[in-house]
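All the letters of the sequence shown, read from the start, carry residue numbers 0 to 130 under numbering that gives the first Met the number 0.
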Amino acid sequence: MISYVVWNENCSVGDPRIDAQHKQIVELINDMYNLVHEGHAHHTLRECLENLRDYTVAHFALEEEVMQRIGFPETDRHRAVHRAMTERVLLMYSEFLPGSELSLEVFEYLKKWWLGHIMSVDMNYAPYIDR
Ligand SMILES: [Fe+2]
Ligand SMILES: [Fe+2]
């Protein structure tokens, strides 16, 4: 099992539920990466992408609710970033038809996308979280 993306304590935003979801998303990406490596069939990967899509949507909903609750002043801007990411993941799923492959570019993108979002966008609300 290859850990393609690694979540460590530096990635913590200070809310255990949000951290748990971030870890889960990282695991989903790692699972998908390993499935591709092991040469799994298209439908298995499609199921994984479907999970990633659903998990992304659920995660953004929780995060937006938390930002609202803690009175994070840039909630609207953050929400707009989520909308763009949601569009992208919906497209990724709908375009993953039989015969398509998940290339290394897709994984590089997912890795940068998630770690980048956590470290430079999510981290902005971390100081507002009650610990
Ligand atoms: Fe997040
Ligand atoms: Fe976010």
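Idealized CB from N, CA, C, for every residue including glycine.
Local conformation of Tyr2 per DSSP, three classes:
Numbered from 1 along the sequence shown, position 3 holds the residue referred to as residue 2. The question names Tyr, but residue 2 in the sequence shown is Ser. Per DSSP, reduced to three states, the secondary structure at Ser2 is coil, with no helix or strand assignment.
Outcome for Asn9 when other beta-carbon atoms lying within 10 angstroms are tallied against a minimum of 16:
Within the sequence shown, residue 9 is the residue found at index 10, counting from 1. By the Cβ neighbour-count rule, Asn9 is exposed, with fewer than 16 other Cβ atoms within 10 Å of its own.
Are Thr55 and Val5 close, meaning C-beta to C-beta below 7 Å?
Locating residue 55 in the sequence shown gives position 56, where the first residue counts as 1. Locating residue 5 in the sequence shown gives position 6, where the first residue counts as 1. Cβ distance not < 7 Å, so Thr55 and Val5 don't count as in contact.
Check whether the Cβ of Glu62 lies closer than 6 Å to any heavy atom of ligand 1, and answer yes or no.
In the sequence shown, the residue the question calls residue 62 occupies position 63. Checking the Cβ of Glu62 against ligand 1 gives yes.
State the Cα-Cα distance for the pair Pro72 and Val12, rounded to the nearest angstrom.
Numbered from 1 along the sequence shown, position 73 holds the residue referred to as residue 72. Numbered from 1 along the sequence shown, position 13 holds the residue referred to as residue 12. Answer to the nearest angstrom: the Cα atoms are 16 Å apart.
Could you tell me the boundaries of the alpha helix (DSSP H) in which Cys47 lies?
On the sequence shown, residue 47 is found 48 positions in, with the first residue counted as 1. Per DSSP, Cys47 belongs to the alpha helix (DSSP H) from His41 to Ile69.
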